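Residue numbers (the numbering used here), protein chains in the order written: chain A, 1 to 781; chain B, 1 to 288.
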């Protein structure tokens, strides 16, 4: 039988049949006998003292099983450990973040009590009966005001500034003194809601006999969640099992440890009954982490020929009221990627993290890098516009050369590999850039406004080297050759839509020479799978897949030892060829991995001293991040009568190294572009000045609909990395990172005849219509 | 969906529904397709004590064309209207509205009667029905009565329906030169501005026009000044059509929200009114 490589093939996802036929088991599908249902009482105020909480009326409800206030948890039950924040910032202010608020609430939607009843309907009814008396306190939602507060979100800190992180490189003062032009611009990166289709969902049960807590939760990090639950609840970690069943979208919002997860776990221990909680969409808008929300002040120094010589930058990150798991880390990632793919030697930058009376911001698809890519790609276009140059040529002039990788940046990161110009040239050729510019000129004469926008992004992912991560950055894989030859893989990552049940099986099928159907990929259950870090930061394949490759190598080496003993040959004379063990230079003899595995299982034909069994657990510690890149081109037409944006063409030429399954890569890029385009055009979380959430439902908050999106044309270049043995880079976030600036650059380009330099997102029709009708408010000209 | 507890009864006929409304009083709500009411119940913004389900009442889900008169049963779904060739030929303004309303799930369940009775200021049908000068047939405690569209839509979530009334049918004269165009809200897909035009054409010139707008004020309304300005306008002259449509929202106080200010809504009323007129006029040409 001829060997057909699975890696590189467009194999349909093996996850999909169960998902599209409704047979997948999400957390809310988990039914445990005797389950009771929780509802949380949440603050209607953005900042208030809690004077009293009266659970009495709720407890009097006939279906209510129990109710607890924050005061009960903190004082009566001693749950005083703060929720975790993972960071390596010595001067970070970390105000306490208790499971339920008991003295003060600091954001609308903060939970102050939990009510548990026999049905979810009764739980919701009874939660409305809880009487909470509040004394309102002053509110601050604007981070620029909060920076110079009072009012203070945490009065005892005497400031709202949680941290400042400066970064200086080269000689920025000289660069600015010698610049031909200096461009100043404030760029606001608006707040977003992640809106996974499945909201936060959890069910916990307690086995009193075994003293065992089991928590099913829609999480991206089952192991890290277990560790943190152990700390917060004071329960030994080996008495906790966390399970991430099918997870309906995460986008970083489920890369967290939520108060609700700990409270539900604790409540099931109190009641010795399973407790389930599935939040409503309204709660998801209020109390799931938000993304972005930065105010970035830029000054760009350049010479007449378009060379960018220096960047001054202040990043103000709106952290929200409390730290969640990675809240302070996100804006620091923006700082690290502030220079994009450009040779800018002189940098004077600072990140300021600020508390406000809003929901915590945290990792949302891209997590800090979209903000950086957005402002640096906008900056390139502003330089081009100021100097009358083509934005393509400004990019070309400032690109890091393909010959200079690995390339250490002034920010301290070392970019692994790249060839930015080749990728851009490929994109320009595909779209016929010169033709587009000619068409734009012709249409302008007819009063039609076509815009062409580029984004030549680079991002940092494959998170990451443990030295640079707040917790370990490695991941793990176990491979077991079962006695009958099927192969079980246990991966430490926790895929929830990324398709690794398929791509990992493709890798194993090729390397160990089995039909793909003989490989099963197990994940997301801490009682089955060895410790792993999880799925986020486009690390699943770049780190988890690399661990899998190491485990494959260990299996292959042992299988060769077994075959060599069987054939009375020297192991050095054997090799793996097309998935089978053979003798170098002799095609007549072969042994399958399954045969070697069977011998290892029987145990009686093994070389002396070799342990029985054929399995391996390996961990991959990435020596560096990976840096995927690409060029996105967006073509829009702006309707002069309404300001509506029609996206006429969208091309993404991405480089994430070799593709294991091009169809899955395309799916990731499609989803990423959709979310990035939605930030550019539609999405915005709005709090009013009293901290009330204005965009709290899907009737107000616009996530992208299929009919609002154009056809996405995709292409690739392939520049492998040396950071991992697969040569691959992550692709989960690249679409989001690359697309937003391409869309905005296109719209601003369309409005160039009106002298428009910048308009903040989202680019609602009214803003553009106003800009075309001479408005000055909110428009930089 | 976790609403407050409620009782549920099924009405077997229109008379039965009226009787049940009288019996259960103001705390009862009629349930047709449920696609306005149930979302409000989910958010606990609506907490009816009793739902009277009228969706099973026979004969209220028909589209009848009698000569030049079209009568639509109140329980006809948006999807049925959107798929009706008869409606497309005789009153494309309403066919347009049905096709642009909500998404397939909403269209499959929601009904023209329910949507009209809800009185949402950003709904699509009110503009189309005002432009068609439709007649609403209402069964109530005092028997059956008829009321014109101009008197039906009263204000925000407010119609001429009393608490014991059941809307049973909507009728109007055929209007082949008609159209509805809509500026979709990107989240809700309700109308930021919805514009309906019903034209009587003399060759290429407008003999008479009825123009109605939705999404702008507290209720849909007829743009009287635009209607008169459009008379005798040659629809081939797009600048003249646009000029006639200027000030379309003058008769209403335009609402502001996070997506669109009142001033912008009013400006868009002019643009979409002109687009509706152009589309309606174009339909007479293709049909000839």
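A virtual CB, placed ideally from N, CA and C, is assigned to each residue, including glycine. These numbers were taken from a predicted model, which means no experiment stands behind them.
- Here residue 8 of chain B is exposed, its C-beta having fewer than 16 other C-beta atoms within 10 Å.
- In this structure, the alpha-carbon of residue 9 of chain A lies about 38 Å from that of residue 284 of chain A.
- The CB of residue 190 of chain A never comes closer than 8 Å to any CB in chain B; the least such distance is about 12 Å.
- DSSP places residue 40 of chain A outside any alpha helix (DSSP H); the residue lies instead in the beta strand (DSSP E), whose first and last residues are 36-42.
- Counting C-beta pairs closer than 8 Å gives three or more between the region 626-646 of chain A and the region 439-449 of chain A, which meets the contact rule.
- If only complete runs of 4 or more residues are kept, the region 207-288 of chain B shows the alpha helix (DSSP H) at 224-230, 238-244 and 262-287, in order along the chain.
- An exposed status is given to residue 104 of chain B, since fewer than 16 other beta-carbon atoms sit within 10 Å of its beta-carbon.
- Annotation: residue 726 of chain A to residue 545 of chain A spans about 8 Å, alpha carbon to alpha carbon.
- As the crow flies, the alpha-carbon of residue 106 of chain B is around 19 Å from that of residue 87 of chain B.
- A residue is called buried once 16 or more other Cβ atoms fall within 10 Å of its Cβ, and residue 718 of chain A, having fewer, is exposed.
- Fewer than three beta-carbon pairs drawn from the region 84-92 of chain A and the region 115-130 of chain A are found closer than 8 Å, and the two stretches are therefore not classed as touching.
- Of all residues in the region 8-21 of chain B, none has a C-beta nearer than 9 Å to a C-beta of chain A.
- Residue 260 of chain A sits in a helix when the DSSP states are folded into three classes.
- Counting along the chain, residue 392 of chain A sits inside the alpha helix (DSSP H) bounded by residues 391-398.
- In the three-state reduction of the DSSP assignment, residue 582 of chain A falls in the strand class, which pools E and B.
- Residue pairing for residue 451 of chain A: DSSP places it in a beta bridge opposite A:636.
- Every unbroken stretch of the alpha helix (DSSP H) spanning 4 or more residues and falling wholly within the region 148-210 of chain A is given here in chain order: 172-177.
- Below the 7 Å Cβ cutoff, chain B contributes 2 as neighbours of residue 120 of chain A, in chain order.
- The Cβ-Cβ distance between residue 63 of chain B and residue 180 of chain B does not fall below 8 Å.
- For residue 673 of chain A against residue 369 of chain A, the beta-carbon gap comes to about 15 Å, at or over 8 Å, which does not count as contact.
- Residue burial annotation: residue 401 of chain A is exposed, with fewer than 16 other C-beta atoms found within 10 angstroms of its C-beta.
- At least one CB of chain A lies nearer than 8 Å to the CB of residue 271 of chain B.
- For residue 134 of chain A, there is no enclosing alpha helix (DSSP H); the residue is found in the beta strand (DSSP E) stretching over 131-136.
- Across the region 34-48 of chain B, CB contacts with chain A closer than 9 Å involve 39, 42, 43 and 44, in sequence order along the chain.
- For the pair residue 533 of chain A and residue 76 of chain A, the Cα-to-Cα distance works out to about 34 Å.
- For residue 10 of chain B, the pairing in a beta bridge is given by DSSP as B:53.
- One finds 766 and 769 in chain A with Cβ atoms closer than 7 Å to the Cβ of residue 264 of chain B, taken in chain order.
- For a cut-off of 8 Å, the C-beta gap from residue 32 of chain A to residue 201 of chain A is around 14 Å, too long to register as a contact.
- About 5 Å separates the beta carbon of residue 571 of chain A from that of residue 560 of chain A, a gap short enough to meet the 8 Å contact definition.
- Residue contact with chain B for residue 695 of chain A: present (Cβ-Cβ distance below 8 Å to some residue of chain B).
- Its chain contains 47, 150 and 151 as the residues whose beta carbon lies nearer than 8 Å to that of residue 138 of chain A, once the 5 sequence neighbours on both sides are disregarded; these appear in chain order.
- Within the region 17-103 of chain B, the complete alpha helix (DSSP H) segments at least 4 residues long are 37-42, 78-82, 85-90 and 92-100, listed from N- to C-terminus.
- Scanning its chain for C-beta atoms nearer than 6 Å, with the 5 sequence neighbours on each side dropped, one finds around residue 684 of chain A the residues 190 and 762, in chain order.
- Neighbourhood of residue 201 of chain A in chain B, by CB distance below 7 Å: empty, with the nearest CB roughly 14 Å away.
- When C-beta atoms of the region 162-170 of chain A are compared with those of the region 286-301 of chain A, fewer than three pairs fall below 8 Å, so the two segments do not count as touching.
- Using a Cβ distance threshold of 8 Å, residue 221 of chain A and residue 192 of chain A do not count as a contacting pair.
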